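Okay, so here's the structure we're looking at.
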Amino acid sequence: MKKNAKTILTPEKALARMQTLCAKSEQCSFDIAQKLKRAGLSGADIKQTIASLTASRFIDDTRYARAFAADKVRFSHWGRRKISFALRLKKISPELIENAFEAVPESDYTKAVMAAASAKSRDMDRPFSPADKAKIFRFLASRGFETEYITSALEALNQT
0 MKKNAKTILT PEKALARMQT LCAKSEQCSF DIAQKLKRAG LSGADIKQTI
50 ASLTASRFID DTRYARAFAA DKVRFSHWGR RKISFALRLK KISPELIENA
100 FEAVPESDYT KAVMAAASAK SRDMDRPFSP ADKAKIFRFL ASRGFETEYI
150 TSALEALNQT
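Here numbering that gives the first Met the number 0 is used: position 71 in the sequence shown is 70, and no number is missing along the way.
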């Protein structure tokens with residue numbers, strides 16, 4: 000028997016595997032559908048499995064979006080634009096994305112901007128040269144932060 004031989008995954012086995020996965024970490028319906036598709040399940044089986052997971056609350060896109068947004072702000076220091084883009088790629092609705100940002104405290108968001116800005120500017124002389132300001136601005140913009148937060152962070156860092 001070859002080790003590379005792909006075993007056929009039945010809908011029941013797929014459901015059990017996805018329940019285990021969802022119990023370990025927060026998942027969205029799009030990610031689960033992609034996993035099931037790669038496993039070779041039919042479209043109808045995928046819809047049925049996702050419906051079962053949603054009904055038993057293993058999958059909840061609202062809960063996923065809130066956790067994703069909070070984690071990306073707190074640990075990865077991402078801004079709202081980048082988080083919104085990542086959630087749209089996962090087919091999360093705009094209403095759920097907006098709802099997810101309400102779960103992130105403003106203080107955590109400003110701390111994330113300052114943490115990212117100070118990390119980027121650690122080896123730069125103060126006051127910042129225009130080239131340094133531009134470099135920090137581009138970096139924070141690439142992280143998805145809005146202009147008003149970036150300028151506030153630059154002003155605060157320049158004063159230290």
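Beta carbons are placed, not taken as given, at the ideal position from N, Cα and C, and that holds for glycine.
The model shown is predicted, which means the values in this text are computed figures rather than measured ones.
If you count every other CB in all the chains shown that lies within 10 Å of the CB of residue i, and 16 or more means buried, which is it?
i	result
residue 169	The shown model of the chain, from 0 to 159, leaves out residue 169, and the question about it has no answer.
residue 39	exposed
residue 143	buried
residue 60	buried
residue 64	buried
residue 158	exposed
residue 79	buried
residue 28	buried
residue 84	exposed
When the Cα atoms are used, what is the spatial distance from residue i to residue j?
i	j	result
residue 148	residue 89	26 Å
residue 69	residue 77	10 Å
residue 122	residue 100	32 Å
residue 154	residue 129	13 Å
residue 10	residue 119	48 Å
residue 18	residue 86	22 Å
residue 71	residue 44	32 Å
residue 58	residue 138	34 Å
residue 55	residue 25	14 Å
Looking at the secondary structure, which residues open and close the alpha helix (DSSP H) in which residue i lies?
i	result
residue 42	42-54
residue 85	79-88
residue 28	28-37
residue 161	Given that the chain is displayed from residue 0 to residue 159, the structure contains no residue 161 and the question cannot be resolved.
residue 72	60-73
residue 99	93-101
Could you work out which residue in the options is closest to residue i when comparing CA atoms only?
i	options	result
residue 110	16, 151, 44 and 55	151
residue 115	17, 93, 141 and 91	141
residue 7	36, 133 and 126	36
residue 13	27, 75 and 32	32
residue 136	112, 26 and 95	112
residue 73	108, 97 and 93	108
Using 8 Å as the cut-off, classify the Cβ of residue i as near or not near the heavy atoms of the ligand MN, replying yes or no.
i	result
residue 138	Of ligands this structure carries none, so the ligand MN is not represented either.
Exercise for the section: Please specify which runs of the alpha helix (DSSP H), each continuous and at least 4 residues long, are wholly inside the region 110-158, giving them in chain order. Expected result: Unbroken alpha helix (DSSP H) runs of no fewer than 4 residues, entirely contained in the region 110-158, are found at 129-141 and 146-157, following chain order.
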